[in-house]
Amino acid sequence: MMHMDGVIVVDKPAGMTSHDVVSRMRRLANTKKIGHLGTLDPSATGVLPLVIGRATRLAQFFTRNDKEYEGVIRFGQATTTYDADGELAGEPVAAAITREQLEPLVASFRGSFQQMPPPVSAKKIAGTPAYKLARQNKPVVLQPVEVVVFAFEILSIEGCDARVRVHCSAGTYVRSIAHDLGQKLGAGAHLVSLRRTASGAFGISQAHTLELLAEFAKDGDLVQALIPASELLPEFPAETVDSTTANFIRQGRDFRTSPFRTPSASRYVKAISEDGQLVAIGEARLPNVYHPILVL
Numbered sequence: 000m001m002h003m004d005g006v007i008v009v010d011k012p013a014g015m016t017s018h019d020v021v022s023r024m025r026r027l028a029n030t031k032k033i034g035h036l037g038t039l040d041p042s043a044t045g046v047l048p049l050v051i052g053r054a055t056r057l058a059q060f061f062t063r064n065d066k067e068y069e070g071v072i073r074f075g076q077a078t079t080t081y082d083a084d085g086e087l088a089g090e091p092v093a094a095a096i097t098r099e100q101l102e103p104l105v106a107s108f109r110g111s112f113q114q115m116p117p118p119v120s121a122k123k124i125a126g127t128p129a130y131k132l133a134r135q136n137k138p139v140v141l142q143p144v145e146v147v148v149f150a151f152e153i154l155s156i157e158g159c160d161a162r163v164r165v166h167c168s169a170g171t172y173v174r175s176i177a178h179d180l181g182q183k184l185g186a187g188a189h190l191v192s193l194r195r196t197a198s199g200a201f202g203i204s205q206a207h208t209l210e211l212l213a214e215f216a217k218d219g220d221l222v223q224a225l226i227p228a229s230e231l232l233p234e235f236p237a238e239t240v241d242s243t244t245a246n247f248i249r250q251g252r253d254f255r256t257s258p259f260r261t262p263s264a265s266r267y268v269k270a271i272s273e274d275g276q277l278v279a280i281g282e283a284r285l286p287n288v289y290h291p292i293l294v295l
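The following block contains the structure:
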């Protein structure tokens, strides 16, 4: 029997917070040991990877995952939240746009730059999320954060709406890009819709709707949606260890890897048991000698 240790990628619906999705999955999987690998705004949809069981301990290795999105930016109307959930900020203006107008502005958002997070966001100020302060009409003083936009592409334009694709570093707010793009155009703008198509190695093709996951759970077959812990972090070399070595690793003892299978330059390695379970993540101490820094 396969352990429920790994990742299930949820195709998050609009209207739910990431925490709502975690709560639903805790009920479906009948476990409290579930967490998400990076929030999505309530109005956003798409890839939301959830770590389950002992794999929750691997979350630390996913904190800097790149993200990919597709969304629609509407020009001519700025909002208080930079997306469709907010109130209109200022008077709407007619803003039929062209690719020729937008392309040079879009180009200025590619690469590394300082971004101001939206005033209504999960970004914490002295331990309190900014959106909670905003709801209480308390001042929200945020600091700009360095982000990287690897790709920013205009897919299509229809009237005042531009459909875009963005590949960016963790912590980048696409709705801030939309707002700032509107400021540069001089017409205001906000994000009408957003769909995350990838989070690190997890893509939309691996995502399951909550309805389908509920069917799997009803049939006692939720495991078919699981990406096992041993298959996570594919960038780390994998070393199969026998049962004796696995026991030593669980006691915190160093273990050796094959110089033929594990590149000596690799900082981390996955120790996999003979039955295919992830035993531990090891960190290099000497060439081909690893110390278990996380044991499942």
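So for the sequence shown, numbering that gives the first Met the number 0 puts the first residue at 0; every next one is plus one.
Virtual Cβ for every residue (Gly too), placed ideally from N, Cα, C.
Between S111 and P103, what straight-line distance do the alpha-carbon atoms span, to the nearest angstrom? By 1-based counting over the sequence shown, the position of residue 111 is 112. By 1-based counting over the sequence shown, the position of residue 103 is 104. Computed Cα separation, rounded: 16 Å.
So, do the stretch 68-81 and the stretch 157-165 have three or more beta carbon pairs nearer to each other than 8 Å? yes
Pick out whichever of D4, T79, S242 and S168 has its Cα sitting closest to the Cα of V146. Translated into the one-based positions of the sequence shown, residue 146 becomes position 147. It is S168.
Let's test the definition: count the other Cβ atoms within 10 Å of the Cβ of A150 and tell me whether it reaches 16, buried, or not, exposed. To locate residue 150, count along the sequence shown from 1; it is residue 151. A150 comes out exposed.
Counting beta carbon pairs with one atom in the stretch 210-224 and one in the stretch 80-95, are three or more of them shorter than 8 Å? no
Where A95 and V119 are concerned, what is the direct C-alpha to C-alpha distance, given to the nearest angstrom? Here residue 95 is taken as the residue at index 96 of the sequence shown, counted from 1. Here residue 119 is taken as the residue at index 120 of the sequence shown, counted from 1. Computed Cα separation, rounded: 28 Å.
Just tell me which of L285, P286 and A237 has its CA closest to the CA of E273. Counting from one through the sequence shown, the residue named residue 273 turns up at place 274. Selected option, being the one with the closest Cα: A237.
So does the stretch 239-252 actually touch the stretch 272-290, counting three or more Cβ pairs closer than 8 Å? yes
What residues in its chain sit with their C-beta under 6 Å from that of I54, if we drop five residues either side in the sequence? Mapped onto the sequence shown, residue 54 falls at position 55. Correcting the residue type first, residue 54 is Ala in the shown sequence and not Ile. Closer than 6 Å at Cβ, skipping near neighbours: D4, G5 and A228.
Report the rounded CA-to-CA distance for I51 versus Q250, giving the unit in angstroms. Your numbering for residue 51 matches position 52 in the sequence shown. Your numbering for residue 250 matches position 251 in the sequence shown. Approximately 23 Å between the Cα atoms of the pair.
Give the C-beta separation of A197 and K66 to the nearest angstrom, bearing in mind that I take them to be a contact with Cβ-Cβ under 8 Å. Indexing the sequence shown from 1 puts residue 197 at position 198. Indexing the sequence shown from 1 puts residue 66 at position 67. That belief holds up - the Cβ atoms of A197 and K66 are roughly 7 Å apart, short of 8 Å.
Please determine, among D241, E86, V165 and M115, the residue with the shortest C-alpha to C-alpha distance to L141. What you label residue 141 is simply residue 142 of the sequence shown in a count that begins at 1. Ranking D241, E86, V165 and M115 by Cα distance to L141 puts M115 first.
Alpha carbon to alpha carbon, how far is I156 from G34? Numbered from its first residue, the sequence shown carries residue 156 at position 157. Numbered from its first residue, the sequence shown carries residue 34 at position 35. Going from the Cα of I156 to the Cα of G34 covers about 37 Å.
Kindly identify the DSSP beta-bridge partner or partners of P48. Within the sequence shown, the letter at position 49 stands for residue 48. Bridge partners of P48: V8.
Name the DSSP beta bridge partners of H207, please? Taking the sequence shown and counting its residues from 1, the one referred to as residue 207 is at position 208. Beta-bridge pairing links H207 to V9.
Between the Cα of H189 and the Cα atoms of S265, D84, A224 and I153, which residue gives the shortest distance? The count along the sequence shown starts at 1 and reaches residue 189 at position 190. Among S265, D84, A224 and I153, the Cα nearest to that of H189 belongs to D84.
Note the first and the last residue of the continuous beta strand (DSSP E) segment covering V288. For the purposes of this step, residue 288 is taken as residue 289 along the sequence shown, with counting starting at 1. It spans V288 to V294 - the beta strand (DSSP E) in which V288 sits, taken as one unbroken run.
Is DSSP giving F74 helix, strand or coil here? Numbered from 1 along the sequence shown, position 75 holds the residue referred to as residue 74. Note: F74 maps to strand in three-state DSSP.
Supposed close pair V46, V8 - CB separation, criterion 8 Å: Translated into positions along the sequence shown, residue 46 becomes position 47. Translated into positions along the sequence shown, residue 8 becomes position 9. The pair is a contact, with the Cβ atoms about 6 Å apart (cut-off 8 Å).
Rounded to a whole number of angstroms, what is the C-alpha to C-alpha distance between P41 and S192? As a first step, residue 41 must be located in the sequence shown, where it is residue number 42. As a first step, residue 192 must be located in the sequence shown, where it is residue number 193. Answer to the nearest angstrom: the Cα atoms are 11 Å apart.
Between R63, E90 and E152, which lies nearest to Q76 when the distance is taken from Cα to Cα? Against the sequence shown, residue 76 aligns to sequence position 77. Of the listed residues, the one whose Cα sits closest to Q76 is E90.
So, helix, strand or coil for V278, using DSSP? Walking along the sequence shown from the start, residue 278 turns up at place 279. Three-state result, V278: strand.
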